[in-house]
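Residue numbers (this note's numbering): 686 to 873.
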């Protein structure tokens with residue numbers, strides 16, 4: 686994360702030193718950490734992760750909320766590993782309201798897909814552990830989900846996120862260091 690912040694700061698400082706350049710927009714990185722670690726799968730794991738996201742708990746968001754213009758970048762990052770099974774995929778869905786879905790069917794019927802599927806190979810194989818960063822994450826976003834997220838970021842900053850297994854119900858996945866990263870653009 687610090688490399689991204691340093692890069693953004695360097696760009697901003699470079700722009701200030703250019704003759705005749707006036708900065709009228711800034712980007713702010715807001716990081717929402719997911720529980721660490723968590724598992725998704727059949728009992729004793731949970732069938733899905735439900736996370737009531739409140740961006741108002743992140744100072745980078747609240748400090749700049751009045752200046753928000755949009756979302757310039759977005760990532761879901763972390764270390765995803767198949768613990769049991771032949772592999773499968775994970776997805777992230779969101780709702781604007783505070784919802785409490787408990788099954789994959791309820792999530793796909795009542796939420797909007799934001800991200801995925803992220804494919805993870807079989808347990809115990811090199812492909813069974815996947816580290817997803819900015820570049821890999823960018824390829825997994827769905828436009829409808831991004832549009833809903835932008836609305837929530839510019840609105841009350843609250844939404845419900847669901848991370849679900851889109852594969853066979855016999856798979857168990859573990860997620861470590863998972864986070865939703867938002868680069869929020871705004872005027873200064």
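A virtual CB, placed ideally from N, CA and C, is assigned to each residue, including glycine.
Computed from a prediction, not measured in an experiment: that's the story for all the values here.
message: Let's see if you can read the secondary structure: which residues bound the beta strand (DSSP E) around residue 754?
response: By one-based count along the chain shown, residue 754 stands at place 69. 753 to 769 is the span of the beta strand (DSSP E), which, as asked, contains residue 754.
query: In whole angstroms, what is the alpha-carbon distance linking residue 849 and residue 857?
result: Here residue 849 is taken as the residue at index 164 of the chain shown, counted from 1. Here residue 857 is taken as the residue at index 172 of the chain shown, counted from 1. Taking the straight line joining both Cα atoms gives about 11 Å.
field: Residues of its chain near residue 761, where Cβ-Cβ distance is below 6 Å and the 5 sequence neighbours each way are ignored
entry: Taking the chain shown and counting its residues from 1, one reaches residue 761 at position 76. Excluding residues within five positions, the ones whose Cβ falls inside 6 Å are 777, 800, 822, 865.
message: For the alpha helix (DSSP H) containing residue 795, name the first residue and the last one.
response: By one-based count along the chain shown, residue 795 stands at place 110. Unbroken alpha helix (DSSP H) run through residue 795: 789 to 795.
query: Which residues in the same chain as residue 769 place their Cβ atom closer than 6 Å to its Cβ, once the five residues preceding and following it in sequence are excluded?
result: Residue mapping note: residue 769 aligns to position 84 of the chain shown, counting from 1. Result list for residue 769: 808, 857, in chain order.
- prompt: Looking only at its own chain, which residues have a Cβ that is under 6 Å from the Cβ of residue 863, when we skip the five neighbours before and after it?
  reply: For the purposes of this step, residue 863 is taken as residue 178 along the chain shown, with counting starting at 1. 719, 763.
task: For residue 790, count neighbouring Cβ atoms within 10 angstroms of its own Cβ and tell me buried if that reaches 16, exposed if not.
output: Counting from 1 along the chain shown, the entry for residue 790 is found at position 105. Residue 790 comes out exposed.
query: From residue 753 to residue 839, what distance separates their C-alpha atoms?
result: Within the chain shown, residue 753 is the residue found at index 68, counting from 1. Within the chain shown, residue 839 is the residue found at index 154, counting from 1. The alpha-carbon atoms of residue 753 and residue 839 are separated by roughly 6 Å.
message: Can you find the residues in the same chain that come closer than 6 Å, C-beta to C-beta, to residue 855, ignoring five residues on each side of it along the sequence?
response: Stepping through the chain shown from its first residue, residue 855 is reached at position 170. Closer than 6 Å at the Cβ level, and outside the excluded window around residue 855, lie 770.
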